[in-house]
DNA sequence: GTCTATATTCCGATAGAC
DNA sequence: GTCTATCGGAATATAGAC
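Protein chains in written order, with my numbering: chain A, 1 to 204; chain B, 205 to 408.
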């Protein structure tokens with residue numbers, strides 16, 4: 001309900017600047033000087049509030065992860081039908097990434113480049129549990145309402161189709177010859193396209 | 205007259221070491237010292253052969269791109285049926301990434317972090333042209349052999365399902381609770397799963 | 001061509017005045 | 001709390017001996 005008011009405290013300004021910088025450039029690419037400039041303060045203050053670059057990064061990376069993970073769990077753990085759940089998940093996820101287009105690359109990239117740091121210091125929270133949705137898929141198959149399919153692959157397919165186009169956006173634009181606005185519309189349209197595509201595939 | 209035989213030439217050793225290093229760490233994360241160590245030579249020699257880190261990176265990045273792009277074009281521009289083309293594409297692509305698992309992250313990550321450099325210095329080659337496959341999809345729809353679907357989304361769906369699981373491999377392993385070998389088997393199995401999934405969706 | 005040594009720049013971090 | 005000044009180390013790059 002209540003977000004942190006943090007009117008324009010220096011600490012908050014630093015955090016926001018670091019968020020912006022780390023999100024776009026990753027840990028290696030981000031420089032403390034750039035964060036200080038963006039926050040409109042001196043480099044020394046970064047260390048006053050956050051001691052080291054690592055600790056500042058940890059705070060930011062945790063916040064970035066939090067943006068995505070918990071809200072997805074709500075959809076997956078609800079008691080909607082499989083089709084409704086799929087629809088909600090796809091819409092929710094794509095809208096989220098449309099508003100925060102750098103999050104997927106940040107997570108993927110940082111987790112691959114600094115796996116130990118990420119798993120130890122950033123991620124140790126409860127991840128989405130797939131068991132519930134697995135069981136739901138299997139019972140739909142048993143009831144003959146959808147064709148037989150390995151739930152793991154189904155989940156991977158859906159998430160892949162939602163997230164990957166954002167990662168590949170610059171290349172996709174180039175290959176398909178689309179303007180920035182056309183590309184955005186295409187990504188937006190995928191909310192419906194993915195649901196149709198998956199439901200068509202699941203017909204018994 | 206004399207082409208580069210490069211059997212174990214110093215230049216080749218440097219190139220290989222740089223390839224390894226840039227592929228795993230990207231431009232910002234890679235250090236010239238590490239490349240020199242890996243090549244078993246001195247830092248100064250890197251500059252003797254390649255002048256700057258940028259130029260060494262350009263040479264390596266071009267080679268990495270070449271690994272993937274041209275071979276894909278061969279499949280897409282062949283005269284196979286749509287289903288055969290899909291099958292060949294998926295098998296080819298997944299096998300390629302299984303053998304070179306760091307390529308997708310390298311391309312995605314570097315193109316997003318250094319887009320100007322990448323588009324100016326690395327990419328200016330002929331990219332796969334989608335028109336041919338688009339027309340093939342549309343004629344299959346017109347003939348009633350597959351259901352109506354926007355070719356752009358179909359292509360994006362297929363590529364997404366092939367590539368994304370490799371990018372998300374560490375997280376997927378964690379969420380699904382798989383060993384490294386189980387995860388590899390899952391990715392291998394996707395060659396058939398993706399084709400089934402797509403063909404099922406395309407049923408009229 | 002290959003090395004050692006060094007120049008130069010950059011960056012994270014700290015000291016100390018206010 | 002915030003600043004200026006600076007340290008110490010790392011990283012890219014060059015000079016010069018062999």
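Backbone N, C-alpha and C fix where the C-beta goes; we use that ideal spot for every residue, glycine too. These figures come from a predicted structure and were not determined experimentally.
Legend entry - Close beta carbons around residue 417 (chain B), own chain, < 8 Å, minus the five adjacent residues each side: Since the displayed chain B opens at 205 and closes at 408, residue 417 (chain B) lies outside it and no answer follows.
Inset, instruction - Inspect the CB distances between the region 58 to 75 of chain A and the region 117 to 136 of chain A and report whether three or more fall short of 8 Å. - result: yes
Legend entry - Terminal residues of the alpha helix (DSSP H) in which residue 10 (chain A) lies: 10 to 29
Legend entry - DSSP-derived helix/strand/coil call for residue 47 (chain A): helix
Legend entry - Buried or exposed by the 16-neighbour rule on C-beta atoms within 10 Å, applied to residue 193 (chain B): Residue 193 (chain B) lies beyond the residue range present for chain B, which begins at 205 and ends at 408; the question has no answer from this structure.
Legend entry - Alpha carbon of residue 3 (chain A) to alpha carbon of residue 15 (chain A), nearest angstrom: Note that residue 3 (chain A) scores 41 on pLDDT, short of 50, meaning its location in the model is unreliable; the coordinates nonetheless yield the value given after this. C-alpha separation (whole angstroms): 15 Å.
Legend entry - Every unbroken alpha helix (DSSP H) within the region 42 to 110 of chain A, with a cutoff of 4 residues, ordered by chain: 43 to 50, 53 to 76, 82 to 99
Inset, instruction - Please decide whether residue 201 (chain A) counts as near chain B, where near means a Cβ-Cβ distance under 7 Å. - result: yes
Legend entry - Cβ-Cβ distance between residue 260 (chain B) and residue 252 (chain B) below 7 Å: no
Inset, instruction - State the Cα-Cα distance for the pair residue 177 (chain A) and residue 85 (chain A), rounded to the nearest angstrom. - result: 33 Å
Legend entry - Inter-stretch contact at 8 Å, needing at least 3 Cβ pairs: the region 353 to 370 of chain B / the region 280 to 287 of chain B: no
Legend entry - Where residue 334 (chain B) sits in the DSSP three-state scheme: coil
Inset, instruction - Answer yes or no: do residue 408 (chain B) and residue 111 (chain A) have a C-beta to C-beta separation smaller than 7 Å? - result: no
Inset, instruction - With distances taken Cα to Cα, identify the nearest neighbour of residue 166 (chain A) among B:292, B:360, B:387. - result: B:360
Inset, instruction - Give every residue of the same chain whose Cβ lies closer than 6 Å to the Cβ of residue 61 (chain A), excluding the five residues on either side of it in the sequence, and list them in chain order. - result: 122
Inset, instruction - Check each residue of the region 370 to 396 of chain B: if its Cβ is closer than 8 Å to any Cβ of chain A, include it; give the result in chain order. - result: 371, 372, 374, 375, 376, 378, 379, 380, 390, 393, 394
Legend entry - Three CB pairs or more closer than 8 Å across the region 304 to 324 of chain B and the region 230 to 238 of chain B: yes
Inset, instruction - Compile a chain-ordered list of the residues in the region 342 to 364 of chain B whose CB is closer than 9 Å to at least one CB of chain A. - result: 351, 353, 354, 356, 357, 358, 359, 360, 361, 363, 364
Legend entry - the region 106 to 124 of chain A: positions lying closer than 7 Å to chain B by Cβ: 108, 109, 111, 112, 113, 115
Legend entry - Proximal chain B residues relative to residue 22 (chain A), where beta-carbon distance stays under 8 Å: Per Cβ cutoff of 8 Å: no residues; residue 22 (chain A) is ~12 Å from chain B at best.
Inset, instruction - Go ahead and label residue 181 (chain A) buried or exposed: buried means 16 or more other beta carbons lie within 10 angstroms of its beta carbon, across all protein chains shown. - result: exposed
Legend entry - Limits of the alpha helix (DSSP H) - the one that residue 364 (chain B) falls within: 355 to 371
Inset, instruction - Taking residue 92 (chain A) as the query, report the chain B residues whose CB atoms sit under 7 Å from its CB, ordered along the chain. - result: Under the 7 Å cutoff, chain B gives no residues; its nearest Cβ is about 18 Å from residue 92 (chain A).
Inset, instruction - Quick one: grab the DSSP three-state call for residue 36 (chain A). - result: helix
Inset, instruction - Output yes if chain B places a C-beta closer than 7 Å to the C-beta of residue 80 (chain A); else output no. - result: no
Inset, instruction - Tell me whether the beta-carbon of residue 222 (chain B) lies closer than 7 Å to the beta-carbon of residue 245 (chain B). - result: no
Legend entry - Collapsed DSSP secondary structure at residue 141 (chain A) in the structure displayed: helix
Legend entry - Buried or exposed by the 16-neighbour rule on C-beta atoms within 10 Å, applied to residue 235 (chain B): exposed
Legend entry - Neighbour flag for residue 95 (chain A) against chain B, beta carbons, 7 Å: no
Inset, instruction - Below 8 Å on the Cβ atoms is my guess for residue 242 (chain B) versus residue 224 (chain B); work out the distance and round it to an integer in Å. - result: 6 Å
Inset, instruction - Give a yes or no on whether the C-beta atoms belonging to residue 160 (chain A) and residue 364 (chain B) are separated by under 7 Å. - result: yes
Legend entry - Helix, strand or coil at residue 379 (chain B) according to DSSP, with G and I counted as helix: helix
Legend entry - Helix, strand or coil at residue 241 (chain A) [DSSP, three-state]: The requested residue 241 (chain A) is not part of the displayed model; chain A covers only 1 to 204.
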